[in-house]
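Engineer: First, the structure itself, so that you have it in front of you.
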């Protein structure tokens with residue numbers, strides 16, 4: 001059992017990274033001011 005709580009597999013982390021990047025790109029197209037973050 002893991003003491004650190006829930007962990008994400010490499011595959012899961014990759015999926016989350018890809019989803020976050022897609023979302024960020026969509027938001028940047030709609031709201032360019034977000035680019036500074």
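In the numbering used here, the protein residues as written are 1 to 37. Backbone N, C-alpha and C fix where the C-beta goes; we use that ideal spot for every residue, glycine too.
#1: Express the C-alpha separation of residue 26 and residue 5 in angstroms, rounding to a whole number.
#2: Check residue 13 in the structure and name its three-state DSSP category.
#3: Measure the C-alpha to C-alpha separation of residue 29 and residue 19 and round it to an integer number of angstroms.
Structural biologist: So, from the listed chains and residues:
#1: 32 Å
#2: helix
#3: 16 Å
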